[in-house]
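Sequence positions in the sequence shown follow this note's numbering and run 3 to 230. Everything below concerns the one structure shown next.
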Amino acid sequence: MTLPGAGGGPKAQGTAGESDHEAMIGHFAVGYMGRFQIPLAGGGPPGPPPIQYVSAPAVGMRYWLDQGMGIDIGLGLLSTGGSDSYNNGNQTVTNDEAGINAGLLHAGLPLALASSKHFTFLLVPEANVGFAQRTQEAGGTKLEQSGLGIDLGARAGAEIHFGFMGIPQLSLQGGIGVLFRMDSVKYTYTQPNSPEQTGETKHNEFTTTVNGNPWDIFQGNIAALYYF
Numbered sequence: 003m004t005l006p007g008a009g010g011g012p013k014a015q016g017t018a019g020e021s022d023h024e025a026m027i028g029h030f031a032v033g034y035m036g037r038f039q040i041p042l043a044g045g046g047p048p049g050p051p052p053i054q055y056v057s058a059p060a061v062g063m064r065y066w067l068d069q070g071m072g073i074d075i076g077l078g079l080l081s082t083g084g085s086d087s088y089n090n091g092n093q094t095v096t097n098d099e100a101g102i103n104a105g106l107l108h109a110g111l112p113l114a115l116a117s118s119k120h121f122t123f124l125l126v127p128e129a130n131v132g133f134a135q136r137t138q139e140a141g142g143t144k145l146e147q148s149g150l151g152i153d154l155g156a157r158a159g160a161e162i163h164f165g166f167m168g169i170p171q172l173s174l175q176g177g178i179g180v181l182f183r184m185d186s187v188k189y190t191y192t193q194p195n196s197p198e199q200t201g202e203t204k205h206n207e208f209t210t211t212v213n214g215n216p217w218d219i220f221q222g223n224i225a226a227l228y229y230f
């Protein structure tokens, strides 16, 4: 897929001296951008809540503005629910599962620092914002749990196109980087004829990130894109 005036679709084989990366300039790519962790309050009163994490795989798009700069946008969603039941011989008891709803927005600014025929060296500043919530109700009581996570970081690595197999539109990317993470979770607990109870936990973390093996695409460490 190309923008008006951006030229024809990606070529299955680039022209002599042209890298796979150069052939994708002015085109959109869609695909899997990684699996991301979203914080959620893991308990209720008494005391502050522990932080638990739910994961949401993000799908999105990349567009190369020119040979050196592109834009990444991704969205991850998670919604769970269900119920269980049992019969004790006299009656059937059914319990609804406390479903989780979560969403995440991923944004990045890929910078192509160098490229050869099938390989592009990238530096990718990026940010993630994720939110999750869950509500549990029983016997007139209500426990509302939520979480907010913000990631700021950058990765250095490679995007490898499969032009050597005749499909330069397909690429995998991975690398190493640094990440600053800010997590905040809280709960609100209410019951009849009692004051409202609340709790909150915050956690900050600065860490390196390592994305390594080809099979990590199934674990969320490597992203796959296909250009149109």
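Cβ atoms here follow ideal geometry from the backbone N, Cα and C, with glycine treated the same way.
Open item on the list: The alpha helix (DSSP H) that contains A25, what's its start and end?
Closed with: As a first step, residue 25 is located in the sequence shown; it is residue number 23 there, counting from the start. From DSSP, the alpha helix (DSSP H) with A25 extends over D22 to A25.
Open item on the list: Within 8 Å, do at least three Cβ pairs link the segment 69 to 78 to the segment 166 to 173?
Closed with: Taking 8 Å as the limit for Cβ pairs, the verdict is that the segment 69 to 78 does not touch the segment 166 to 173.
Task: Beta-carbon gap between L115 and L125 smaller than 9 Å - done: Locating residue 115 in the sequence shown gives position 113, where the first residue counts as 1. Locating residue 125 in the sequence shown gives position 123, where the first residue counts as 1. Yes.
TODO: Kindly indicate the opening and closing residues of the beta strand (DSSP E) around L145.
DONE: Indexing the sequence shown from 1 puts residue 145 at position 143. T143 to F164 is the extent of the beta strand (DSSP E) around L145.
Task: Same chain, Cβ closer than 6 Å to S81, five either side skipped, listed in chain order - done: The count along the sequence shown starts at 1 and reaches residue 81 at position 79. Hits under 6 Å: N103.
TODO: Kindly indicate which residue of V61, N97 and A129 has the alpha-carbon position closest to the one of V180.
DONE: Looking up residue 180 in the sequence shown gives position 178. When C-alpha distances from V180 are compared across V61, N97 and A129, the shortest belongs to A129.
Open item on the list: Just to confirm the assignment, what range does the beta strand (DSSP E) spanning E128 have?
Closed with: What you label residue 128 is simply residue 126 of the sequence shown in a count that begins at 1. It spans F121 to A140 - the beta strand (DSSP E) in which E128 sits, taken as one unbroken run.
TODO: Return the residue from the list M35, P47 and G151 that minimises the CA-CA distance to G176.
DONE: Counted from its first residue, the sequence shown places residue 176 at position 174. Nearest C-alpha to G176: M35.
- [ ] With DSSP as the reference, please indicate the residues paired to F230 in a beta bridge.
- [x] Position 228 of the sequence shown holds residue 230. Looking at the DSSP assignment, F230 forms no beta bridge with any residue, so it has no partner.
Open item on the list: Measuring CB atoms only, is the segment 198 to 206 touching the segment 152 to 164, in the sense that at least three cross pairs come out at less than 8 Å?
Closed with: In short, these stretches do not touch, since the Cβ pair count stays below three.
TODO: Please report how far the alpha carbon of Q138 lies from the alpha carbon of D185, in whole angstroms.
DONE: On the sequence shown, residue 138 is found 136 positions in, with the first residue counted as 1. On the sequence shown, residue 185 is found 183 positions in, with the first residue counted as 1. When rounded, the distance between both Cα atoms is 22 Å.
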